[in-house]
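**Student:** Under full-length UniProt numbering, the first residue of the sequence shown is numbered 1, with each subsequent residue one higher.
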Amino acid sequence: MDVGIEKECSALGGLFQLIMNDMKASYPTWEDFVTKGAKLQSQLRTTIMVTGAFLDAFQKVADMATGTRGATKEIGSALTRMCMRHRSIESKLKLFTTALSEGLVTPLELKMEEWKKVASQLDKDHAKEYKKARADIKKKSSDTIKLQKKVKKGKDEARGQLDSALQDVNVRYAVLEETEKRAVCRALIEERARYCSFVSMLKPVLDHEINMLGEVTHLQTILEDLTNLTAEPNKLPAASEQVILDLKGSDFNYSYQTPPASPSNTLSRKSSISSNYQSGSVRHVPSLDSISCAVDGVHIQRCSSPYLLIGCDETGRSLSEGNSPSRLGRQGSRGRYGYHPALSRRVSRRDMTTVRKKKTYNYCIPPNPSTVLCLYHLSSTGLTLHLTLPPPRLTVLFLVFPISSH
Numbered sequence: 001m002d003v004g005i006e007k008e009c010s011a012l013g014g015l016f017q018l019i020m021n022d023m024k025a026s027y028p029t030w031e032d033f034v035t036k037g038a039k040l041q042s043q044l045r046t047t048i049m050v051t052g053a054f055l056d057a058f059q060k061v062a063d064m065a066t067g068t069r070g071a072t073k074e075i076g077s078a079l080t081r082m083c084m085r086h087r088s089i090e091s092k093l094k095l096f097t098t099a100l101s102e103g104l105v106t107p108l109e110l111k112m113e114e115w116k117k118v119a120s121q122l123d124k125d126h127a128k129e130y131k132k133a134r135a136d137i138k139k140k141s142s143d144t145i146k147l148q149k150k151v152k153k154g155k156d157e158a159r160g161q162l163d164s165a166l167q168d169v170n171v172r173y174a175v176l177e178e179t180e181k182r183a184v185c186r187a188l189i190e191e192r193a194r195y196c197s198f199v200s201m202l203k204p205v206l207d208h209e210i211n212m213l214g215e216v217t218h219l220q221t222i223l224e225d226l227t228n229l230t231a232e233p234n235k236l237p238a239a240s241e242q243v244i245l246d247l248k249g250s251d252f253n254y255s256y257q258t259p260p261a262s263p264s265n266t267l268s269r270k271s272s273i274s275s276n277y278q279s280g281s282v283r284h285v286p287s288l289d290s291i292s293c294a295v296d297g298v299h300i301q302r303c304s305s306p307y308l309l310i311g312c313d314e315t316g317r318s319l320s321e322g323n324s325p326s327r328l329g330r331q332g333s334r335g336r337y338g339y340h341p342a343l344s345r346r347v348s349r350r351d352m353t354t355v356r357k358k359k360t361y362n363y364c365i366p367p368n369p370s371t372v373l374c375l376y377h378l379s380s381t382g383l384t385l386h387l388t389l390p391p392p393r394l395t396v397l398f399l400v401f402p403i404s405s406h
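(1) Between Val34, Thr230 and Ile19, which lies nearest to Leu108 when the distance is taken from Cα to Cα?
(2) Contact defined as beta carbons within less than 8 Å: I believe Met212 pairs with Ile48. What is the distance between those atoms, to the nearest angstrom?
(3) Answer with buried or exposed for Arg194, where buried requires no fewer than 16 other C-beta atoms within 10 angstroms of its C-beta.
(4) Determine the closest residue to Ile222 out of Leu188, His86, Asp22 and Lys94, with distance taken between C-alpha atoms.
(5) Going by DSSP in three states, Arg192 sits in which element: helix, strand or coil?
(6) Helix, strand or coil: how does DSSP classify Gly67 here?
(7) Excluding the five sequence neighbours on either side, which residues of its own chain have a C-beta within less than 7 Å of the C-beta of Glu8, listed in chain order?
(8) Return the CA-CA distance between Cys196 and Ala99, expressed in angstroms with no decimal places.
(9) What are the boundary residues of the alpha helix (DSSP H) that includes Thr221?
(10) Given residue 458, which residues of its chain have a CB within under 8 Å of its CB, disregarding the five upstream and five downstream residues?
(11) Below 6 Å CB to CB, which residues in the same chain sit around Phe58 once its five sequence neighbours on both sides are set aside?
(12) With distances taken Cα to Cα, identify the nearest neighbour of Ser200 among Lys111, Leu55 and Lys116.
(13) Quick check: Ala78 and Leu229, are their CB atoms within less than 8 Å of each other?
(14) Between Leu147 and Ala165, which are expected to be in contact by the criterion C-beta below 8 Å, what is the C-beta distance as a whole number of angstroms?
(15) Roughly how many whole angstroms lie between the Cα atoms of Arg172 and Lys149?
(16) Apart from the five residues just before and just after Thr68, which ones in its own chain have a Cβ nearer than 8 Å to its Cβ?
(17) Taking just the CA atoms, how far does Lys140 sit from Asp168?
(18) For Thr80 versus Ala62, is the C-beta spacing smaller than 8 Å?
(19) Within its chain, find whatever has a CB closer than 8 Å to the CB of Glu6; leave out the 5 residues flanking it on each side and keep chain order.
(20) Under the rule that 16 or more other beta-carbon atoms within 10 Å means buried, what is Phe16, buried or exposed?
(21) In whole angstroms, what is the alpha-carbon distance linking Ile19 and Ser120?
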């Protein structure tokens, strides 16, 4: 028996076991990779949703910049191109996420079960072949020992049988060596095949990632354009100057209307005036003769009548038959700010119909309150309104609301 062949077979058997142990020990690592990949895929899906919402808001800003009167149209156009590029990145990110889930994580998880079965089968096949080869070698070695004893006893015919038996044992060791080599090669191929399969599953994911990152190069050009367009914020571009020149030569007509004061500021000012008047801090109250009304068709006159007549004609006759108190305001209905609800009247729909026919209407306000908030509903037909006011030291605040002529 060749001692070198025995050592080589032992070394090959040990290498096979090391490879198999390495493959078995790699399962927790593969499982951890699958778990982390699933978490990454979940986070990417959330990122895609948030990115989509962000880009929607980004597009609104870009549209707003594009829709200006000429000062930021170029900036808006560049922002739109930037948003479109990010949309492209978002679509590439979706493909990357899909490939990560369907092309890598899920197939790898299924492949692991196959790997475990293959490794177990390799170990069983190797053990079976090794035992069979060892059994043959043991049997031939036993025959050789018997023949050696016969040769020692001086039996010459046994020497030829001994040589044949020794040669057969060497052949059996060569078969064992070849069996171990095949087993080691199968184990190495299986180990290599795992990583090759992993790379084949990873390649589509990397391709989508490279395509996604390739969009970043386009962002650099757009960023340079935005930097140039916003380099001088205090200088108007040529397009803005052209808009101004075109406007001068056109028939465009625009009338600016001053917005009404906010109710909160009006009530605050009214309360302040009322408190100052009651405390005597107001040294000068302008007379009603010096008050000019900015609403066309509204005339202010003095009146000593202590009654508030809502909806009356030029002779002072009431147009309303109802005697229920009018809620001229939420605060006025409780008597604050100088209101006299008992003296007020509600204007009915028939009154308003009569009002539209009369064209001229008188409203008298009692002289007692120091501050009165008058709410007048004017129709859109251009009526003339005569507003009668009490003696001086009265502050009148007007809130005019046009109504439709149903």
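No residue lacks a Cβ here, since even glycine has one placed at the ideal position from N, Cα and C.
**Tutor:** So, from the data block:
(1) Val34
(2) The Cβ separation is near 12 Å, so there is no contact.
(3) buried
(4) His86
(5) helix
(6) coil
(7) Glu177
(8) 18 Å
(9) Val216 to Leu229
(10) Residue numbering for the chain in the displayed model covers 1 to 406; residue 458 lies beyond these limits and cannot be assessed.
(11) Cys83
(12) Lys111
(13) yes
(14) 5 Å
(15) 21 Å
(16) Gly76
(17) 7 Å
(18) yes
(19) Tyr173
(20) buried
(21) 12 Å
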